[in-house]
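Student:
In this note's numbering, the protein residues as written are 1 to 509.
1. Rounded to whole angstroms, what's the CA-CA distance from residue 403 to residue 384? Just pull it up for me.
2. Taking the alpha helix (DSSP H) that residue 311 belongs to, which residues open and close that run?
3. Hey, residue 475 and residue 230 are a contact pair by Cβ (cut 8 Å); roughly how many whole angstroms apart?
4. Is it right to say residue 504 is buried, meaning 16 or more other beta carbons lie within 10 angstroms of its own, or is it exposed?
5. Tell me which residues share the same chain as residue 264 and place their Cβ nearer than 8 Å to its Cβ, disregarding the 5 neighbours each side in the sequence.
6. Could you pull the DSSP bridge partners for residue 123 from this structure?
7. Measuring CA to CA, which of 100, 502, 484 is closest to residue 495?
8. Looking at the structure shown, is residue 499 part of a helix, part of a strand, or coil, going by DSSP?
9. Would you check if the distance between the CB atom of residue 317 and the CB atom of residue 434 is smaller than 7 Å?
10. Based on the DSSP secondary-structure assignment, which residues constitute the bridge partners of residue 431?
11. Go to residue 454, then tell me how far its alpha helix (DSSP H) extends in each direction, as first and last residue.
12. Could you compute how far the alpha carbon of residue 326 sits from the alpha carbon of residue 422?
13. Helix or strand or just coil, what does DSSP make of residue 253?
14. On the three-state DSSP scale, how would you describe residue 266?
15. Below 8 Å, can you find three or more Cβ-Cβ pairs linking the segment 212-219 to the segment 118-132?
16. So, residue 437 versus residue 501, is the Cβ gap smaller than 7 Å?
17. Are the CB atoms of residue 268 and residue 478 within a distance shorter than 7 Å?
18. Taking the straight line between their C-alpha atoms, what separation do you get for residue 413 and residue 427?
19. Cβ atoms of residue 399 and residue 271: under 7 Å apart, would you say?
20. Let's test the definition: count the other Cβ atoms within 10 Å of the Cβ of residue 260 and tell me whether it reaches 16, buried, or not, exposed.
21. For residue 373, which residues from the same chain have a beta carbon less than 8 Å from its beta carbon, with the 5 sequence-adjacent residues on both sides left out?
22. Label residue 233 either buried or exposed according to how many other C-beta atoms from any shown protein chain fall within 10 Å of its C-beta, with 16 as the threshold for buried.
23. Exposed or buried, which one is residue 342 when buried takes at least 16 other CB atoms within 10 Å?
24. Find the nearest neighbour of residue 138 within the set 486, 217, 183, 167, judged by alpha-carbon distance.
What follows is the structure in structure tokens.
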């Protein structure tokens with residue numbers, strides 16, 4: 001019994017000792033552990049399969065036997081070792097390569113986006129600099145405006161430099177509009193060349209730039225208005241009155257009589273000219289326009305109607321002071337006694353040269369700034385309606401066409417323009433004369449090429465035909481405007497024709 005019990009214990013101890021030795025051998029570190037695989041992972045060519053399994057995990061097998069369990073055969077160690085050798089080194093390299101490729105692509109995209117942002121920032125800086133230059137230029141213009149000084153010499157030089165304020169304003173306006181157009185073209189060009197795949201934040205930046213552009217444009221307009229106001233204030237402080245240029249006066253004079261021509265054509269182009277049974281007052285008007293011995297054909301009827309309107313306009317253009325100051329015949333009316341003194345003074349002071357013209361301008365400004373200006377305005381309105389009625393009456397007796405309310409209103413507007421023209425001429429330092437040429441019976445008035453131009457010469461060329469030697473004047477359609485002196489009221493001996501009279505001539509065959 002005893003021998004039988006000891007044999008299993010002894011065999012168990014031997015197994016434990018053998019397992020301990022195997023564990024001690026397998027736990028000893030190898031000198032080349034970093035380069036050679038463990039012995040359990042390699043198999044000699046002549047080794048048997050049982051020995052290989054015995055070497056793999058002997059301690060686990062021993063524990064399984066002591067517990068009474070079956071030893072479970074694990075996976076083939078040779079296959080596992082080969083799988084580790086083939087897969088383990090390859091998978092990390094592939095993942096690293098993929099990760100490096102992704103990082104390189106992300107880096108390239110980031111650099112490209114950074115370059116686009118840099119270009120956009122540079123463009124924004126350029127536009128900001130352009131806007132700032134525009135603002136600085138406008139500020140510099142305002143700063144460089146000449147200061148107001150009380151010196152007479154500097155005041156005169158300021159008068160010379162401000163002879164053409166509207167041209168300077170127009171030039172500045174054109175320059176500002178050109179600068180704004182350049183900025184708009186730059187924005188349009190950038191919008192057209194911009195890629196479609198631009199990000200949302202770049203769109204926001206473009207909106208900001210557009211808003212800044214509109215703000216700069218608005219500021220430029222405000223600066224323009226400030227510049228205009230500054231020029232006007234300088235002009236008003238350095239000069240007592242505004243001096244119109246020759247080109248402005250010529251254009252205004254031409255437009256006035258062009259309106260008269262259009263009005264006549266619009267209302268009397270289909271009329272029949274009839275001198276029979278005209279009343280005495282119409283004959284007296286016609287005698288002041290053309291000699292009684294001359295006959296006007298139907299071709300020149302429109303020109304004759306214009307001459308009649310121009311004849312009545314001379315009552316306005318020849319006024320020395322203000323249109324609306326009562327004439328001596330109307331001095332008995334209320335509120336006209338004080339104004340009659342100006343009329344009598346003007347009659348007594350005429351011919352006083354430059355001193356008279358100074359008094360004339362001062363009187364006009366004084367009347368316009370006093371309480372009697374309303375009285376003058378009332379007399380002026382009555383006078384314009386009276387002249388319009390006289391024109392309508394004369395034309396009705398010649399054509400049997402009465403003026404409509406619309407035609408009479410347009411005629412009153414034309415006469416109002418003539419009043420503004422007379423006031424402008426009266427306020428100038430230079431002296432202006434308006435001449436409506438007419439001839440008496442038996443008088444031959446030849447053509448003065450410097451002061452006259454023919455309006456009914458349709459068949460002949462003025463360069464090849466000596467019109468002055470073959471024609472005599474029938475009547476003057478519109479007056480001539482002459483200027484004496486300069487804008488400072490000096491050199492009155494010099495004469496300049498600003499607008500030639502339009503005349504109608506007859507052919508002596």
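Where is the CB? At the ideal position from N, CA and C, for every residue including glycine. All figures in this text were calculated on a predicted structure; none of them were measured in a lab.
Tutor: Working from what's here:
1. Their Cα atoms are separated by approximately 15 Å.
2. Going by DSSP, residue 311 is part of the alpha helix (DSSP H) stretching over 301-317.
3. Not a contact, Cβ separation roughly 49 Å.
4. Around the beta carbon of residue 504, 16 or more other beta carbons sit within 10 angstroms, so the residue counts as buried.
5. Cβ within range, chain order: 302, 305, 306, 309.
6. Beta-bridge partners of residue 123 (DSSP): none assigned.
7. Proximity to residue 495 across 100, 502, 484 peaks at 484, based on C-alpha coordinates.
8. Reduced to three states, the DSSP call for residue 499 is strand.
9. Pairing residue 317 with residue 434 gives a Cβ-Cβ distance under 7 Å.
10. Residue 431 is bridged by DSSP to 484.
11. Residue 454: not part of any alpha helix (DSSP H); member of the beta strand (DSSP E) spanning 452-454, first to last residue.
12. So the alpha carbons of these two residues sit roughly 16 Å apart.
13. Annotated three-state conformation of residue 253 is helix, per DSSP.
14. Residue 266: helix per DSSP, three-state reduction.
15. Enough Cβ pairs lie closer than 8 Å, so yes.
16. It is a contact, given that the beta carbons lie within the stated cut-off.
17. No; because the gap between Cβ atoms is not below 7 Å, this pair is not in contact.
18. Their Cα atoms are separated by approximately 22 Å.
19. Taking 7 Å as the Cβ cut-off, residue 271 and residue 399 qualify as a contacting pair.
20. Under this definition residue 260 is a buried residue.
21. Contacts found: 367.
22. Residue 233 should be labelled exposed.
23. Taking all protein chains shown into account, residue 342 has 16 or more neighbouring C-beta atoms within 10 Å of its C-beta and is therefore buried.
24. The shortest C-alpha to C-alpha distance from residue 138 to any of 486, 217, 183, 167 is the one to 217.
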